[in-house]
Amino acid sequence: MTIITSIEDLRVLAKRRVPRMFYDYADSGSWTESTYRANSSDFARIQFRQRVAVDMSNRTLATTMVGQDVTMPVALAPTGLTGMQHADGEILAARAAEKAGVPFTLSTMSICSIEDVAAHTSKPFWFQLYVMKDRDFINRLIDRAKAANCSALVLTLDLQVLGQRHKDVRNGLSAPPRLTLPNLVNMASKPRWCLGMLGTRRRYFGNIVGHAPKVADMSSLSSWTAQQFDLTLSWRDVEWIKQRWGGKLIIKGIMDAEDARLAVASGADALIVSNHGGRQLDGAPSSIAALPAIVDAVGDAIEVHFDGGIRSGQDVIKAVALGARGVYIGRAFLYGLGAMGEAGVTRCLDIIRNELDITMAFCGLRDVRDVTRDILLPGTFPR
Numbered sequence: 482m483t484i485i486t487s488i489e490d491l492r493v494l495a496k497r498r499v500p501r502m503f504y505d506y507a508d509s510g511s512w513t514e515s516t517y518r519a520n521s522s523d524f525a526r527i528q529f530r531q532r533v534a535v536d537m538s539n540r541t542l543a544t545t546m547v548g549q550d551v552t553m554p555v556a557l558a559p560t561g562l563t564g565m566q567h568a569d570g571e572i573l574a575a576r577a578a579e580k581a582g583v584p585f586t587l588s589t590m591s592i593c594s595i596e597d598v599a600a601h602t603s604k605p606f607w608f609q610l611y612v613m614k615d616r617d618f619i620n621r622l623i624d625r626a627k628a629a630n631c632s633a634l635v636l637t638l639d640l641q642v643l644g645q646r647h648k649d650v651r652n653g654l655s656a657p658p659r660l661t662l663p664n665l666v667n668m669a670s671k672p673r674w675c676l677g678m679l680g681t682r683r684r685y686f687g688n689i690v691g692h693a694p695k696v697a698d699m700s701s702l703s704s705w706t707a708q709q710f711d712l713t714l715s716w717r718d719v720e721w722i723k724q725r726w727g728g729k730l731i732i733k734g735i736m737d738a739e740d741a742r743l744a745v746a747s748g749a750d751a752l753i754v755s756n757h758g759g760r761q762l763d764g765a766p767s768s769i770a771a772l773p774a775i776v777d778a779v780g781d782a783i784e785v786h787f788d789g790g791i792r793s794g795q796d797v798i799k800a801v802a803l804g805a806r807g808v809y810i811g812r813a814f815l816y817g818l819g820a821m822g823e824a825g826v827t828r829c830l831d832i833i834r835n836e837l838d839i840t841m842a843f844c845g846l847r848d849v850r851d852v853t854r855d856i857l858l859p860g861t862f863p864r
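Be aware that the sequence shown starts at 482, since it is given in this note's numbering, and climbs by one per residue.
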């Protein structure tokens with residue numbers, strides 16, 4: 482029996498159990514992957530100030546994100562093809578998040594649909610939106626998210642064009658998977674995954690197939706998707722979507738102080754400092770390197786969230802110390818999902834919660850809302 486003590490343990494197990502094309506999809510970046518690697522490695526340079534002989538009793542990690550109570554400052558990030566890491570993956574991850582008391586964010590490019598996730602959960606989740614040229618389709622997506630009682634809309638702005646991910650090209654990534662001989666041989670070596678996929682009807686992009694015009698099956702999906710990402714996306718579109726949505730709006734993909742100020746002007750409720758997990762502009766700074774300047778630029782005018790490279794509870798508290806109200810985990814929960822299904826996502830969240838709690842205690846604090854840059858050793862973090 483494998484003993485799971487860290488997110489790295491979950492990653493190793495997921496790599497054994499998930500077909501190569503889908504594991505590589507989750508665990509890769511664009512071009513040289515320099516930004517992908519920096520997202521994680523830059524955390525290691527940040528050091529804590531350890532405190533002693535302080536009261537560490539009655540600690541709490543509870544806080545809020547866009548006005549919603551959360552048991553710790555963590556949300557599950559929107560990730561495409563989650564249902565290809567494990568059968569019914571989005572449903573399982575949403576259930577685990579609900580039990581843990583943290584938000585789950587469903588991607589537009591999910592395998593399970595908005596309606597599927599709503600039918601299998603009891604509390605509101607968040608929905609992530611990509612802006613397509615077909616504005617009627619976007620209107621319908623927003624209406625479906627409203628009907629599912631989604632409590633926040635996460636609008637991703639950094640995917641007007643796709644960064645090339647070499648592993649996806651080599652693997653011939655598609656959903657359902659392209660049945661080449663190497664892919665068949667690799668999938669045959671993953672019996673748990675295969676049995677799970679045989680037992681579900683959810684093997685395509687549930688938010689798109691059957692909902693977008695002329696996309697009735699997988700054969701017509703790829704050509705439609707390739708034509709739909711909107712190169713003309715502007716802040717006027719953001720304002721239109723905010724008005725159309727009418728609820729909490731979170732802007733994802735901010736890496737520059739000027740764009741952060743534009744996010745404030747758009748009327749959004751929060752922004753996410755994110756470089757799309759190093760999957761878009763290779764050579765951009767890590768998210769944690771960009772965070773402090775963006776926090777300083779916007780002050781209290783908008784809630785600042787963080788995404789990119791979180792692999793532990795220590796990473797979470799470092800981002801919070803540098804000004805993030807909350808953080809999003811993507812790959813970390815995908816490793817758990819691929820490794821052990823819903824139980825793996827729960828294990829991922831438990832690991833992060835425990836590491837966050839213990840680290841906060843060592844830094845001399847009892848309430849995560851009191852965490853500031855004071856817990857970090859001067860000279861070890863970006864300014």
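Yeah, the Cβ is synthetic: ideal placement off N, Cα and C, and Gly gets one too.
Please identify the residue among the options whose C-alpha is closest to the C-alpha of residue i.
i: A495; options: R812, I833, P859, I722; result: R812
i: C675; options: G564, E514, T513, L858; result: G564
i: G677; options: L638, L818, V666; result: L818
i: L634; options: F585, D523, A738; result: F585
i: I775; options: D796, I753, L762, R760; result: I753
i: D848; options: E571, S487, F503, S538; result: S538
i: I769; options: I484, R501, W512, R518; result: R518
i: V852; options: F862, A599, M841; result: M841
i: I689; options: P863, M590, F843, N520; result: M590
i: M502; options: I791, G764, S755, R646; result: R646
i: V785; options: A824, G822, R497, M736; result: M736
i: L610; options: A600, D597, G759, K627; result: K627
i: R532; options: I856, F862, R864; result: I856
i: F862; options: Y685, D523, G680; result: D523
i: D718; options: N620, R850, F606, E823; result: N620
i: A782; options: A741, Q795, V499; result: A741
i: A575; options: F606, G687, R625, R497; result: F606
i: F814; options: P500, Q708, Y504, T545; result: Y504
i: Q641; options: N664, T706, G687; result: T706
i: L638; options: V808, R806, K733; result: K733
i: E489; options: R673, I791, E823; result: I791
Taking the straight line between their C-alpha atoms, what separation do you get for residue i and residue j?
i: D508; j: G561; result: 12 Å
i: Q528; j: A802; result: 11 Å
i: G860; j: R526; result: 10 Å
i: L730; j: A534; result: 43 Å
i: I832; j: P554; result: 14 Å
i: L714; j: L830; result: 35 Å
i: G789; j: K614; result: 28 Å
i: A543; j: I839; result: 14 Å
i: V650; j: F618; result: 28 Å
i: F710; j: S793; result: 33 Å
i: N835; j: T661; result: 43 Å
i: K671; j: H567; result: 11 Å
i: A820; j: L712; result: 37 Å
i: A778; j: R684; result: 43 Å
i: P766; j: S515; result: 9 Å
i: Q795; j: F608; result: 27 Å
i: L762; j: L491; result: 27 Å
i: T513; j: N664; result: 24 Å
i: K799; j: V666; result: 42 Å
i: S693; j: L846; result: Note on residue identity: the sequence assigns Ala, not Ser, to residue 693. One C-alpha to the other measures close to 50 Å.
i: C593; j: L837; result: 31 Å
i: Y506; j: S588; result: 15 Å
i: L643; j: Q708; result: 12 Å
i: T681; j: D569; result: 7 Å
i: G582; j: A558; result: 14 Å
i: G880; j: C631; result: No answer is possible for residue 880: the residues shown for the chain start at 482 and end at 864.
i: A600; j: D536; result: 44 Å
Identify the residues that DSSP records as bridge partners of residue i: which are they?
i: G807; result: H786
i: I753; result: K733, H786
i: W607; result: T586, A633
i: Q549; result: M546
i: V535; result: Beta-bridge pairing links V535 to no other residue.
i: Y710; result: It is worth fixing the name first, because residue 710 is Phe in this sequence and not Tyr. Paired residue(s): M613.
i: D848; result: T541
i: F529; result: L857
i: V555; result: V808
Does the Cβ of residue i lie closer than 7 Å to at least one heavy atom of the ligand GTP?
i: Y504; result: Looking for the ligand GTP in the displayed structure turns up nothing, as the structure carries no ligands at all.
Can you find a CB in chain B that lies within less than 8 Å of the CB of residue i?
i: E579; result: Judged by its chain identifiers, the structure shown contains no chain B, having just a single protein chain.
Requested in this report: Inspect the CB distances between the segment 746 to 755 and the segment 719 to 726 and report whether three or more fall short of 8 Å.
Outcome: With a cut-off of 8 Å, the segment 719 to 726 and the segment 746 to 755 count as touching, because enough Cβ pairs lie within range.
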